[in-house]
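Just add 6 to wherever you are in the sequence shown, counting from 1, and you've got the numbering used here.
Glycine included, every Cβ here is placed at the ideal spot set by N, Cα and C.
Read the structure below first, then the notes.
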Amino acid sequence: MADKTPETGAPQLTGTDQQKTVEWIDRNMATHFANVVNVQSTREQVDLFFGTNQTWNISSEPKLAVDLSNRVILTPHAAKRLWAVLGGVLREYEQRYGVLTVDRS
Numbered sequence: 007m008a009d010k011t012p013e014t015g016a017p018q019l020t021g022t023d024q025q026k027t028v029e030w031i032d033r034n035m036a037t038h039f040a041n042v043v044n045v046q047s048t049r050e051q052v053d054l055f056f057g058t059n060q061t062w063n064i065s066s067e068p069k070l071a072v073d074l075s076n077r078v079i080l081t082p083h084a085a086k087r088l089w090a091v092l093g094g095v096l097r098e099y100e101q102r103y104g105v106l107t108v109d110r111s
């Protein structure tokens, strides 16, 4: 429960009531391109695999060559937050540029 400040009578925030700010430090960030993504999960984690499709002529090749370059391992809670944020970003994108259709295979 917040106490009242004597000067203003406004609630004084303490402990977990205080608003936190996030400082994004990007000096060690790496940027990678991916046009392929796959996901697997266990009870404890969600694994995201990112890669690049290396197949030149998809219609004539018997298989796709995907060069996996990154794996990101998330807790289920972090994966749920990512799902919510990505959903919002994609809704805004589709409102601006039109509906995206994807093959779910």
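Which of the three DSSP states, helix, strand or coil, is assigned to residue i?
{"i": "Gly57", "result": "strand"}
{"i": "Gly93", "result": "helix"}
The beta strand (DSSP E) spanning residue i covers which residue range?
{"i": "Val43", "result": "Val42 to Ser47"}
{"i": "Ser75", "result": "Val72 to Leu80"}
Is residue j closer than 8 Å to residue i when the C-beta atoms are compared?
{"i": "Leu74", "j": "Thr61", "result": "no"}
{"i": "Asn63", "j": "Val72", "result": "no"}
{"i": "Leu106", "j": "Glu100", "result": "yes"}
Taking the alpha-carbon of residue i as reference, which of the options has the nearest alpha-carbon?
{"i": "Asp109", "options": "Trp89, Gln101 and Val43", "result": "Val43"}
{"i": "Ala36", "options": "Leu92, Arg102, Lys86 and Asn76", "result": "Asn76"}
{"i": "Val45", "options": "Gly57, Ser66, Asn34 and Phe39", "result": "Gly57"}
>> If contact is defined by three or more beta carbon pairs under 8 Å, each pair taking one atom from either stretch, is the segment 50-58 in contact with the segment 75-93?
In response: Contact holds: three or more Cβ-Cβ distances are below 8 Å.
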